[in-house]
Amino acid sequence: MAEPEPKPHLSIIIPVYNEEESLPDLGKEVSSVMESLKKPFEVILVDDGSTDDSYAGIQTLVKRHKGFRGLRLGRNVGQTAAISAGIAQAHGDIIGMLDADRQNDPHDIPMLLTKFDEGYDVVSGWRKDRQDPGLTRILPSRIANGLISWITGVRLHDYGCTLKLYRSVYLKSVRLYGEMHRFIPAFAGFLGARIVEVPVNHRPRTQGISKYGLGRTFKVLLDLITVKFMDAYMAKPIYLFGGSGLVMGGAGVLMALYTLYHKFHDHIFVKDQPLFQVSIFFALAGLQLLLLGLVAEILIRVYFDIKDKPPYFIRETAGFD
Numbered sequence: 000m001a002e003p004e005p006k007p008h009l010s011i012i013i014p015v016y017n018e019e020e021s022l023p024d025l026g027k028e029v030s031s032v033m034e035s036l037k038k039p040f041e042v043i044l045v046d047d048g049s050t051d052d053s054y055a056g057i058q059t060l061v062k063r064h065k066g067f068r069g070l071r072l073g074r075n076v077g078q079t080a081a082i083s084a085g086i087a088q089a090h091g092d093i094i095g096m097l098d099a100d101r102q103n104d105p106h107d108i109p110m111l112l113t114k115f116d117e118g119y120d121v122v123s124g125w126r127k128d129r130q131d132p133g134l135t136r137i138l139p140s141r142i143a144n145g146l147i148s149w150i151t152g153v154r155l156h157d158y159g160c161t162l163k164l165y166r167s168v169y170l171k172s173v174r175l176y177g178e179m180h181r182f183i184p185a186f187a188g189f190l191g192a193r194i195v196e197v198p199v200n201h202r203p204r205t206q207g208i209s210k211y212g213l214g215r216t217f218k219v220l221l222d223l224i225t226v227k228f229m230d231a232y233m234a235k236p237i238y239l240f241g242g243s244g245l246v247m248g249g250a251g252v253l254m255a256l257y258t259l260y261h262k263f264h265d266h267i268f269v270k271d272q273p274l275f276q277v278s279i280f281f282a283l284a285g286l287q288l289l290l291l292g293l294v295a296e297i298l299i300r301v302y303f304d305i306k307d308k309p310p311y312f313i314r315e316t317a318g319f320d
């Protein structure tokens, strides 16, 4: 009977969407780098509902290269869900991500690994010399990175760089939804992880076409609001909604008192003071926000009590025992 494979020290997750042209060279390069580490490893390629022959290419890599695994999702559910599926299947003490378009350089992985010996928990790649169009990719990215760093308090130059390594304990405890994969360093920072950023090589795309555009910037801004809420108010939403409700209700009471002052002191009838109607609106809005906070408190308790359902469906696998 064959001996079981040793537990991987490093798991690399590669989300794949319509990258059949890049896969053969990607497999050779990643396999060469991983073999040079002289430690147990696994490479998990997740086909995110590709419409080309990407999964056939993944199956070929699984047969050709030691330690390669393949996942095929039932449909295209986005990079975040694909990464989440890979994390769920990964067994390494350290888990990393890599793009399938070969713009990330796998040869940077050994350099990033050395930072764990210095006590860091997250090592984030920084595409300091980024090989992308300036107006449509680099400028929006810099704006988004500045906003994310400012709001989350976890300051990085390049949240969008997929090439990052994490101690698995920080990834296994995070639930990823929507387009939240770019915020994983912030989530790890919220848990107390020590984070370091390292400049990495970034190569121009030579095969396939980019799947991203300017529209992604607006998604980042909306997701950022969610991240801030999850950090500051996820466990106690009543603080946000109830606090806002008390402020609005208090403002309504003050405006009502001001209206009454004019009535009794200046003899101006309430019906002649539009501010009284505004005070009623503020009071009702404050009451609604307070009740919304109570409902959110109930929902969050239900959320923590029930078993989470993953946002993906695995149709088939390759290379897993």
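For the sequence shown, numbering that gives the first Met the number 0 assigns the number 0 to the initial residue and increments by one for each residue that follows. Idealized CB from N, CA, C, for every residue including glycine.
Pick helix, strand or coil for residue i, following the three-state DSSP scheme.
| i | result |
| --- | --- |
| Y257 | helix |
| E196 | strand |
| M0 | Any reading at M0 must be qualified, since the residue scores a pLDDT of 47, below 50, and its modelled position is unreliable; the value itself is stated next. DSSP places M0 in coil when its eight states are reduced to three. |
| L190 | coil |
| H266 | coil |
| T50 | coil |
| D222 | helix |
| K6 | coil |
| L175 | coil |
| F319 | coil |
| G118 | coil |
| L155 | coil |
| P236 | coil |
| L323 | The structure shown does not extend to residue 323, since the chain spans only 0 to 320, so no value can be given for it. |
| N144 | helix |
| K37 | coil |
| D128 | coil |
| S20 | At residue 20 the sequence reads Glu, which differs from the Ser that was named. Residue state, collapsed to three classes: coil. |
| Q272 | coil |
Taking C-alpha atoms, which residue in the options lies nearest to residue i?
| i | options | result |
| --- | --- | --- |
| S243 | T258, Q287, L223 and H201 | Q287 |
| Y169 | I93, E117 and H106 | I93 |
| L245 | G292, A185 and H264 | G292 |
| D24 | R71, K6, K62 and R101 | R101 |
| N200 | D107, F319 and K38 | D107 |
| P236 | K127, H261, K6 and L290 | L290 |
| E117 | I194, F189, N103 and S148 | I194 |
| Y16 | D52, S35, P198 and T316 | D52 |
| T30 | H8, G241, D47 and F67 | For the record, residue 30 in the displayed sequence is Ser; it is not Thr. When only C-alpha atoms are compared, the closest one is F67. |
| R153 | S123, F281 and K262 | Per the sequence shown, residue 153 should be read as Val rather than Arg. Selected option, being the one with the closest Cα: S123. |
| D120 | S167, I57 and A87 | S167 |
| E41 | P14, K6 and K62 | K6 |
| Q58 | D47, R71, E34 and S10 | R71 |
| T151 | L112, I183, D128 and L164 | I183 |
| N75 | G48, H264, Q88 and G191 | G48 |
| T50 | G73, L256 and E28 | G73 |
| D222 | K262, Y176, T113 and F189 | Y176 |
| F319 | S278, T113 and H90 | H90 |
| E196 | Y260, W149, R126 and L9 | R126 |
| K114 | P198, E28 and V277 | P198 |
Suppose the cutoff is 6 Å on Cβ atoms and the five residues either side in sequence are ignored; what does the same chain contact list for residue i look like?
| i | result |
| --- | --- |
| G355 | An answer regarding residue 355 cannot be provided, because it is not within the stretch 0 to 320 covered by the chain. |
| G85 | I12, I43 and V45 |
| D98 | T161 |
| G248 | A282 and G285 |
| A317 | Q58, V61 and G69 |
| L164 | I93, G95, L111 and V122 |
| A187 | V121 and Y169 |
| S278 | G251, M254 and A255 |
Within the same chain, show all residues whose beta-carbon is closer than 7 Å to that of residue i, passing over the 5 residues directly before and after it, in chain order.
| i | result |
| --- | --- |
| S140 | G159 |
| H180 | Q78, T79 and I82 |
| Y257 | L274 |
| D128 | H201 |
| M0 | Unreliable placement is indicated for M0, whose pLDDT of 47 sits below 50; no coordinate value is reported for it. |
Tell me the DSSP bridge mates of residue i?
| i | result |
| --- | --- |
| F67 | V42 |
| I11 | V42 and G95 |
| R166 | I93 |
| S123 | K163 and E196 |
| H201 | N103 |
Suppose the cutoff is 8 Å on Cβ atoms and the five residues either side in sequence are ignored; what does the same chain contact list for residue i look like?
| i | result |
| --- | --- |
| A55 | E19 |
| V32 | P105, H106, I108 and P109 |
- Query: For the stretch 74-107, which segments carrying the beta strand (DSSP E) assignment without a break, of at least 3 residues, lie completely within its bounds, in sequence order?
  - Reply: 93-96
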